[in-house]
Amino acid sequence: MLQEHAKIVDFIATAEGVTGRKKLQKMIYIMKKMDMPFQEKYEFHIYGPYSEELTARVEELCDMGFLSEALEDKGSYVQYKYTVTEEGMEFRKVLGKSVLDNPVTAEKLNAKSGRFLELTATLLYFDNLNRQERIDKLHVVKGKLNFTAEEIDEALAFIEELSA
1 MLQEHAKIVD FIATAEGVTG RKKLQKMIYI MKKMDMPFQE KYEFHIYGPY
51 SEELTARVEE LCDMGFLSEA LEDKGSYVQY KYTVTEEGME FRKVLGKSVL
101 DNPVTAEKLN AKSGRFLELT ATLLYFDNLN RQERIDKLHV VKGKLNFTAE
151 EIDEALAFIE ELSA
């Protein structure tokens, strides 16, 4: 049962921490879509794919002392930064080896903005559609974000890069 918790700790440790709840949600979703063995169920939500299971597991990991959740006041909003504690690094060993085939993937995801990851995750959510239908659907569900053609092309290229 705690294997799924250990995978989350492993991912956050490999990414060297993650700043933002939304960003963490999108990073794990994208990894799942890249066939990484994350089991959390996702539904489409206001900010794109969202998992209540992931939220619950992260809260449990914080409660168990395996993750640290630091609140950063950004003036008009607050942001959460997740890092793995020493106890979490020990707990991570439950896996035996990392769930990530390539640790660079976590770093690449972490280097992207929350907005870009929301765009990428949303395009992946509709991956059963062809390219133009995905873009059309994106404009319907994320119209207020005004994603440009360049941003969409960059996200689609990023998906291809991660899939390679």
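For the sequence shown, UniProt numbering assigns the number 1 to the initial residue and increments by one for each residue that follows.
Glycine included, every Cβ here is placed at the ideal spot set by N, Cα and C.
- Here Gln79 is bridged, per DSSP, to Glu72.
- Secondary structure of Thr148 (DSSP, three-state): coil.
- With contacts defined by Cβ atoms closer than 8 Å, Thr19 and Ala106 do not form a contacting pair.
- Of the residues assessed, Met27 falls on the buried side of the cut-off, its CB having 16 or more other CB atoms within 10 angstroms.
- Residue environment: Gln132 is assigned as exposed (fewer than 16 neighbouring CB atoms within 10 Å of its CB, all protein chains considered).
- Inter-residue distance for Lys137 and Glu87 is about 43 Å (C-alpha atoms, whole angstroms).
- Collapsing the DSSP output to three states places Glu40 in coil.
- For Gly114, the enclosing alpha helix (DSSP H) begins and ends at Gly114 to Tyr125.
- Going by DSSP, Tyr29 is part of the alpha helix (DSSP H) stretching over Arg21 to Lys33.
- Rounded to the nearest whole angstrom, the C-alpha separation of Leu162 and Leu67 is 27 Å.
- Shown here, Leu54 sits in a helix according to DSSP, grouped into three states.
- Boundaries of the alpha helix (DSSP H) around Ile12: Leu2 to Thr14.
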